[in-house]
Structure formats: C-alpha cells, structure tokens
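Below: one structure, written as structure tokens.
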Amino acid sequence: MKAILVGNPNVGKSYVFNRLTGSRVFVSNYPGTSVEINRGFFTVGNKSIELLDMPGVYSLNSDTKEAAMLTEVINEFPDLIIQVLDAVNLERNLVLTLELMRANLPMVLLINQVDRAREMGLKIDSQVLSKELGLPVFSFSALTGEGVLDLLEQLAKGVPRSKKVQVVSLETMDCHCEGCDRCASGSILSCEGLDLKLVDQARLLAGKTITRMGQTQMHWLDKVQNWIDQPILGTVLLLVVAYLCFVILLQFINLSEGPISTLLDPVNQLISNAILDLLPAGIIAQVLSKAVPEGIIIPFTIVMPAMLMVSILMALLEDSGILPRYSVALDRVGRMFGLSGQAIIPLTLGLGCRTPAVVATRILPNTTQRFIAITLLSIVVPCAATLGIMASVIAKFNASLPAVVGSLLAAFLGLSFVLGRMNSRQEEFIYELPPLRIPHWQNVGIKVKARFAGFFTEILPLLLVMSIAIRTILESGILQFLEGLGPITHVLFGIPSEAFIAVLLTIFQRYLAPLLLLNLTLTPREATIAITMIVISLPCLPVMVMTIRELGLKALVKIVCMGFLASFLIGIVLNLVLP
Amino acid sequence: MRLDTLETGRKVRVISINRGAGAEQRLLEMGIVPGVEVELLAKHPLKGPVIVKLDNTRIALGRNLANAIEVE
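Those sequence lines, one after another, are chains V and L. Everything in the first sequence is counted per the working numbering, starting at 183 for the first residue and increasing by one. Everything in the second sequence is counted per the working numbering, starting at 4 for the first residue and increasing by one.
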C-alpha cells in the first residue's frame, strides 16, 4: 500500500514522516527543507505501508517543481493521502485540502502542532472538521506524539475516499476573471476565480473548527521575533549573531587544536614506529611512516573541529528559524548581484558542505538564480573542510590572511556582479518566515551526527590516501620533472611549479590540494597566492556530480571554465599587487 | 491605498491584487487574498522587503509585490 504525505511548506511533514517510519530525515524550521521525495515504510497490523514524504506546496497549481512532482504522484493514484495541516494557520492549509479532495482518493487530515495552537489560545475541534469534510481528521503533535495512535488505528480500519468537494461544480463553473487566459488552457485548477471560491470555503471551514479561548499569551519568543523582524534593529542583531558564529568557530578550532594534537602525538609515534618495524626497510616504509601520521593528524586537528562546529552552528540557525531572516535582511544586497535574499540559505549551507547546498538551491525561484548560486558555491564559498586546511596553510607559512579573505570577497563580488547581469528580470521576493523556536536538542544532535559522519566516511579516508600519494610523489622526485613549468608559473603567478600542481589538484577535491602545499617550502608571498588560487577555483567531484544532476553538463562546463578563469585571474592580479 | 505606502503597525483589509506583478498566483496561495486582514510589521529601508502578518504567519514580500496589493 502506498501513502503520500503532503501539506504546505514547514508544517512538519518530515517530523510526521520520522515519527511514523522511524526514519531520520532532516527536519528544519524553514519552508523548503525537503526538496526531494523521502521514502519510508511502516506497518499497521498486517499492512505494510510505503510512505512518500512530498516536498511542501501551497497549492497544487503552483508554478513550481514541487507542485508538478506532487500532481504527478497523485495522478498515479496512491492508496492514501495524508495531509499535514498547521493548526495555527488552518485557513490557508485547508485550501490545499479542498484541492486535494478533487482527486477523490482516500484521505486523512492531521492537524499538526495542536500544542502550539493551545498555547495561543486556539481550540481546534477536529470532529467538526471531520463531519464537514467527511474525512477522518486527527489532532496531532509530531513533537509529543499526540494523535499517533489514533492515526494508526484509523489506518488499520481503512480510510474512506474523499467525496467530491461541494464548493462548486468544476465542470459547469464559468470563469469570469478578467483577462484570464489560463481558463482557456483547459487547466481548471489554475483559474483564479475558482481559487477564490476555495479560499472562501476554507475560511468558512476554519471558522467552524476553531474557537478562540481567551487572549493569546505573548510568549517571550514572540517578543524576540518582533525585535528581529524590525528593519534596522533586526539587521544589526542578525549581523551580531553571524559575527558571533564566526568567532565561536575560529576560537573552537584554535582551542581544540592543542589538546587534540597532544592526544594524537603518542598515537602517531606508535603508528610510525610500527610501520618501520613491520615493513622491510626501504622507500615504502619510509613513505608510509611519514604519510600515515600526517594523513591522520591534519584531518583530526584541523578539519574535524571545523566540521563539528559548523554542523552545530548551522543546525541551531536552521532550527531556531533565524536563517531565513537573513534572506529578508540581506535582500537588498543580494539584488545587486542578481540573487534574491533566499540565496543566503544555500550559500550558508555551503560553508558546511557544498554538496547538500547545491540541492538546497531548489528553493530559489528560477534556473538562472540557481545557476548563479551554484556557481558561487562552486567557486567562492569555502566548505568547512577547506576552511580548516586554509587556516593551517596560512598559519604554517605565515601567509597573509587579509589578502586571502580580500581576494575571496573580491571574487565573490566580481563573479556575482557579472552573473547578476544574466538575470535581467528580477523575480519578486515572497517568502514565509517561520516562527522562532528553541532548537530541539535531539534534532540538532541528529543533524550534527549526520553531517559530521562525512568526516569519517569520506574526508578522513580520502585525506589519508592522498597524503600517502603526495608523500610518494615528493619522495620519488617526480616533481623535478615538472620544473620546466617553473618559469611560466613564476612569471604569471609568482609561485613555484609544485604549488601550481596543487592548484590543479583541486579538480579532485579542493581540500586535498593544500595538503601538497603543506609539504613544500614556500615564502609567505607564494603561500598566499597559492592558497588563494586553490580556494577560488573548482567545485569538488561530489559537487560536480550534483551540478550535472541539477542543471546539466553544459552548466557544469561553464562553471568549471569560470572557476579556472577566476583562479588564474586572481593569481595574476595578486602576483602584480602583492609586495 | 497600496500596502507599501502604509505606516508599520497598521492593520488593514486587502481589497484587490493588481495584475502584472507576476506573482498574484503565489500571493493567493500564501493566503493574501481579497478580504483577509493583514498587519504591516516592518518595511525595510531602501525599497527592501516588507513583512506582513497574516493569521499566524509572517510573510516577507518584495516592495513591488507589496505595491500591487490594494488595501483599505
């Protein structure tokens, strides 16, 4: 049996999904967290139910990819529709209900967040709504589990089909909206006149279902929300929060490096000795005894703290509902660069890992904007792992931090300015701001764990393997053959050929390239130019794969060309400008 | 009167939404329809977005969109 979970954005569909299937799909507090269909299974009695968690939509006839996906799935006649509604915004949510009822499929309504509605002094009578619509309706709280048993009981009994809506007879309804060319297209769903009828009907239903019990109590979070949504004060507060996040991140990396290396040093000594003891003396033992400890110490002391802290901070920003507020505060700045404020969400996610950030660009309104955002992510947004290694290169060679950061900013501004010209027609900003919430520690924990897992499964093994490869190259003397390139790289970028190899290495994985640098002897000036060229260059392999999936190969080729161009340009400019 | 010309803090009723702003469909979906009451919470300077409260949600709207909303 196949069931689909649908509803407006940010009503808690994924929470319900996790509750029912025991999955651990990411749940965040902003509209558009789930942009793909999640699949899970659960059993009721002897029935096995496949549950599809659909991305949120406001209406079936939205002009969005998500609405098209949902329509497609509904046209395959699922056995059951479970709609999740937000208890405190019932009216708007019911419009979607009425649209869904046209499909005439078995359907259940879950009025989620009833606990929050109660706090706001709203009493919701699911029985009344159930009678009006002829559908099973349950008060539900995915957070506390209220209503879960009622739902399972109903599913075991079976769910009746929804009746055709009584609002209007679709077939005979004449459309009178002026200048409406959509009615002629045959898509009755997209006609404004009909929509308004549904809205009226939804308002009526909501009025019957909800009783106001006394005054809404002003929660302290509402007060904070009022401050943060003020134009000037809010923007200042948001900037302070962003600044604090960066300070916490840098301090954390700083403070943790000492203790971690103290802990690891004896371990590494042991490994190194063991390799020398076990392997026959020779080049292999020599390479491994150096490469393995190096390949362990760098990820643990540099990459791990950065990834951990970024995961924690990001989960807090997401779950508290603060993240989308940046999109409003920064909208005017973004517009100069052809991006709507929403782009801040994928760009910030990119500071953690850029692969999921590429997927998150789906919340942007059109392909042009998505291309701009993915290009910026690929070329100028350093991920947590890159940031960590960048910091270590800067520290080791005493490279100039202002020059690196300045170049990054200049590249970001320059690129987005050029790309912004592509997007001539600006889409109008429209975004629902989620209510502020205290992040749920369990949910934060799940996210941090999932995002941080990549350290052990991907980054640590890769860095270890690459460290061995780089050591081998260094010890074997292959690099001497490349010295012929030296004059060219010296004139153009002011860096030795080995450092240029590191720049080209970014094709595989950006954060691997600086590893090679760490093994060279470079002057501060050379190190500054080389690390800047590395940080501003190419998307890593996983990002390339995602980009092809999202925008196609042609877009990726463009991005890669721009990446090389930007990187070389910055190298040349720095070579001319730096003393 | 247009929504974006109001002072912040005012509660008004939406009368109509002018066509041509390119997003009337999206406004309707989000519940900004003729007849509903909205409260203007904030207007970001330099023609930045406005924030309106509708029922229990807050919606951020671009200035041009806000200008397309006729209120009483």
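Beta carbons: idealized from backbone N, C-alpha and C, even for Gly. Small disclaimer: the values here were computed from a predicted structure and weren't measured.
{"query": "When the distance is taken between beta carbons, is P37 (chain L) closer than 7 Å to V17 (chain L)?", "result": "yes"}
{"query": "Which partner residues of I20 (chain L) appear in the DSSP bridge assignment?", "result": "L:I72"}
{"query": "Can you pull out the residues from the region 269-292 of chain V whose beta carbon lies closer than 7 Å to at least one beta carbon of chain L?", "result": "V270, N271, E273 and R274"}
{"query": "I'd like to know if the region 265-275 of chain V and the region 290-310 of chain V are in contact, where contact means that at least 3 CB-CB pairs between them fall below 8 Å.", "result": "yes"}
{"query": "Exposed or buried, R394 (chain V), counting other C-beta atoms within 10 Å across all chains shown (16 or more means buried)?", "result": "exposed"}
{"query": "Would you call the region 556-566 of chain V and the region 577-593 of chain V touching, i.e. three or more CB-CB distances under 8 Å?", "result": "yes"}
{"query": "Which residue marks the beginning of the beta strand (DSSP E) containing R3 (chain L), and which one marks its end?", "result": "Chain L is shown only over 4 to 75; residue 3 (chain L) falls outside these bounds and no answer can be derived."}
{"query": "Tell me which residues share the same chain as K56 (chain L) and place their Cβ nearer than 7 Å to its Cβ, disregarding the 5 neighbours each side in the sequence.", "result": "V41, E42 and L44"}
{"query": "Please classify F320 (chain V): does DSSP put it in a helix, a strand, or coil?", "result": "strand"}
{"query": "Would DSSP call T393 (chain V) helix, strand or coil?", "result": "strand"}
{"query": "Rounded to whole angstroms, what is the Cα-Cα separation between R544 (chain V) and V381 (chain V)?", "result": "28 Å"}
{"query": "Just to confirm my understanding: we take P487 (chain V), look at its own chain, exclude 5 residues before and 5 after, and list those with CB closer than 8 Å. What are they?", "result": "F434, I435, S438, E439, I442 and G570"}
{"query": "Would you mind telling me which residues of chain V sit closer than 8 Å to D58 (chain L), beta carbon to beta carbon, in chain order?", "result": "V270, N271, E273 and R274"}
{"query": "Name the DSSP beta bridge partners of N757 (chain V), please?", "result": "Bridge partners of N757 (chain V): none, in fact."}
{"query": "Whose C-beta lies closer than 8 Å to the C-beta of Y197 (chain V) among residues of the same chain, with five residues either side of it excluded?", "result": "V209, N294, A324 and L325"}
{"query": "What do you get for D459 (chain V), buried or exposed, if any count of 16 or more other CB atoms within 10 angstroms of its CB means buried?", "result": "exposed"}
{"query": "Is L291 (chain V) helix, strand or coil when you go by DSSP?", "result": "strand"}
{"query": "What would DSSP say about A45 (chain L), mapped onto helix, strand or coil?", "result": "strand"}
{"query": "Ends of the beta strand (DSSP E) at R61 (chain L)?", "result": "T60 to L64"}
{"query": "Quick one: what does DSSP say F208 (chain V) is sitting in, helix, strand or coil?", "result": "coil"}
{"query": "State yes or no: is the C-beta of R514 (chain V) within less than 7 Å of the C-beta of G51 (chain L)?", "result": "yes"}
{"query": "Near T654 (chain V), which residues of its chain fall below 7 Å by C-beta distance, leaving aside the five closest residues on each side in sequence?", "result": "V469"}
{"query": "Pull up the distance between the alpha-carbon of S522 (chain V) and that of Q551 (chain V), whole angstroms please.", "result": "8 Å"}
{"query": "Between which two residues does the beta strand (DSSP E) containing S344 (chain V) stretch?", "result": "Where S344 (chain V) is concerned, there is no enclosing beta strand (DSSP E), given that its DSSP letter is neither H nor E."}
{"query": "Can you give the beta carbon distance from I711 (chain V) to G676 (chain V), rounded, assuming they're within the 8 Å contact cut?", "result": "6 Å"}
{"query": "Out of V:P616, V:M183 and V:G734, which one is the CA nearest neighbour of D404 (chain V)?", "result": "V:P616"}
{"query": "Quick one: which chain L residues come within Cβ less than 9 Å of S244 (chain V)?", "result": "Q28, R29 and E32"}
{"query": "Going by DSSP, what residues sit across from S230 (chain V) in a beta bridge?", "result": "V:T225"}
{"query": "Residues in the region 571-599 of chain V with C-beta within 7 Å of chain L's C-beta atoms, listed in sequence order?", "result": "none"}
{"query": "Tell me whether V53 (chain L) sits in a helix, a strand or coil according to DSSP, three-state version.", "result": "strand"}
{"query": "Are the beta-carbon atoms of S679 (chain V) and M715 (chain V) separated by less than 7 Å?", "result": "no"}
{"query": "With a threshold of 7 Å between beta carbons, is N67 (chain L) in contact with chain V?", "result": "yes"}
{"query": "Less than 6 Å between C-beta atoms, sequence neighbours within five positions excluded: which residues of the same chain meet that for F682 (chain V)?", "result": "T671"}
{"query": "May I ask which residues mark the beginning and end of the beta strand (DSSP E) holding V188 (chain V)?", "result": "K184 to G189"}
{"query": "Hey, how far is the Cα of M289 (chain V) from the Cα of L267 (chain V)?", "result": "13 Å"}
{"query": "Taking the beta carbon of C722 (chain V) as the centre, do at least 16 other beta carbons fall within 10 Å, making it buried, or is it exposed?", "result": "buried"}
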